[in-house]
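Note that numbering that gives the first Met the number 0 has the sequence shown beginning at 0, numbered continuously upward.
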Amino acid sequence: MLNPSEYIKQHIRTVPDWPQQGVMFRDITPLLQNPKVFRVLIDMFVHRYMDEKIDVIAGLDARGFIIGSVLAYELNLGFVPIRKKGKLPFHTVSEEYELEYGSATVELHADACKKGDRVVLIDDLIATGGTMMAGKKLLERLGAEVVEGAVIVDLPELGGSRIIKDSGLPLFTICNFDGH
Numbered sequence: 000m001l002n003p004s005e006y007i008k009q010h011i012r013t014v015p016d017w018p019q020q021g022v023m024f025r026d027i028t029p030l031l032q033n034p035k036v037f038r039v040l041i042d043m044f045v046h047r048y049m050d051e052k053i054d055v056i057a058g059l060d061a062r063g064f065i066i067g068s069v070l071a072y073e074l075n076l077g078f079v080p081i082r083k084k085g086k087l088p089f090h091t092v093s094e095e096y097e098l099e100y101g102s103a104t105v106e107l108h109a110d111a112c113k114k115g116d117r118v119v120l121i122d123d124l125i126a127t128g129g130t131m132m133a134g135k136k137l138l139e140r141l142g143a144e145v146v147e148g149a150v151i152v153d154l155p156e157l158g159g160s161r162i163i164k165d166s167g168l169p170l171f172t173i174c175n176f177d178g179h
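Now the structure itself:
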């Protein structure tokens, strides 16, 4: 019998050379399509956080919304979306971060959380760590305490998980893949 992390890993599809040559894209949609696998995934996160003093789950655009909102529901917590620039309709705070080629910006509603809120920050995958670090900075700017980052997939060779941990933010990952 497989342990839950290996079970999840078996249901992640690898798409070679997408979105560009040389990239091995880790596609989580197969595990979302299978209700049994999706339940195992969500239960792994629920069991990790159910006895913790968490106030809010924040999810990074876009696949972090899927996992984060279900986790928030299961834990009876609020969910906060951290979106790409220009997608939120109210007053926002924003954070720019560097990509391999260029930069991007994420935003958060200015009233998304309050000072002292303990937040878990969720995404599907960590590669370079830029998006998660930007989300962490936004939440902290509003006075929240980001207690842990959490992802399904870590690509450790790209260095993001090391950057996150070196920043002092604990990082929970379900499985790792070599390469990028």
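Where is the CB? At the ideal position from N, CA and C, for every residue including glycine. All figures in this text were calculated on a predicted structure; none of them were measured in a lab.
Rounded Cβ spacing between residue i and residue j (contact assumed at less than 8 Å)
| i | j | result |
| --- | --- | --- |
| Leu124 | Gly148 | In fact, because the Cβ distance is near 12 Å, the residues do not count as touching under 8 Å. |
| Val185 | Leu76 | With the chain running from 0 to 179 in the structure shown, residue 185 is simply not present. |
| Gly142 | Gly167 | At roughly 17 Å, the Cβ-Cβ gap does not stay under 8 Å, so Gly142 and Gly167 are not in contact. |
| Asp122 | Met132 | Not confirmed; about 11 Å, so no contact. |
Burial state of residue i, where buried means 16 or more other Cβ atoms lie within 10 Å
| i | result |
| --- | --- |
| Glu106 | buried |
| Tyr72 | exposed |
| Phe89 | exposed |
| Val69 | buried |
| Ala61 | exposed |
| Glu94 | buried |
| Met49 | exposed |
| Val14 | exposed |
| Gly128 | buried |
| Gly63 | buried |
Cα-Cα separation, residue i to residue j
| i | j | result |
| --- | --- | --- |
| Phe37 | Leu31 | 5 Å |
| Leu74 | Ala103 | 31 Å |
| Glu156 | Ala126 | 8 Å |
| Tyr28 | Gln19 | The amino acid occupying residue 28 in the given sequence is Thr; Tyr does not appear at that position. The alpha-carbon atoms of Thr28 and Gln19 are separated by roughly 19 Å. |
| Asn2 | Ile53 | 26 Å |
| Gly159 | Asp153 | 8 Å |
| Arg12 | Ala111 | 33 Å |
| Val146 | Val22 | 31 Å |
| Gly58 | Trp17 | 24 Å |
| Arg161 | Leu87 | 30 Å |
| Phe24 | Gly67 | 21 Å |
| Gly178 | Glu5 | 18 Å |
| Leu170 | Ile163 | 7 Å |
| Asp165 | His10 | 30 Å |
| Lys135 | Arg47 | 20 Å |
| Val118 | Ile65 | 17 Å |
| Asn33 | Glu51 | 28 Å |
| Glu144 | Leu138 | 7 Å |
| Leu40 | Asp26 | 15 Å |
| Val92 | Arg140 | 8 Å |
| Asp42 | Lys84 | 31 Å |
| Ile7 | Lys113 | 34 Å |
| Ile151 | Lys35 | 16 Å |
Near the ligand HEM: residue i beta-carbon under 8 Å from a heavy atom
| i | result |
| --- | --- |
| Val69 | Looking for the ligand HEM in the displayed structure turns up nothing, as the structure carries no ligands at all. |
Item checked: Uninterrupted beta strand (DSSP E) stretches inside the segment 45-118 (no shorter than 3 residues) -> 55-59, 77-83, 91-98 and 101-108
Notebook entry, point to check: Is it a yes or a no for the segment 106-116 touching the segment 73-82, going by three-plus beta-carbon pairs under 8 Å?
Noted result: yes
Next item on the list: Check whether the segment 171-178 touches the segment 87-98, counting contact only when three or more Cβ pairs, one atom from each stretch, lie closer than 8 Å.
Entry: no
Next item on the list: Identify every run of the beta strand (DSSP E) within the segment 127-176, keeping only runs that are complete inside it and at least 3 residues long; order them along the chain.
Entry: 144-153 and 170-175
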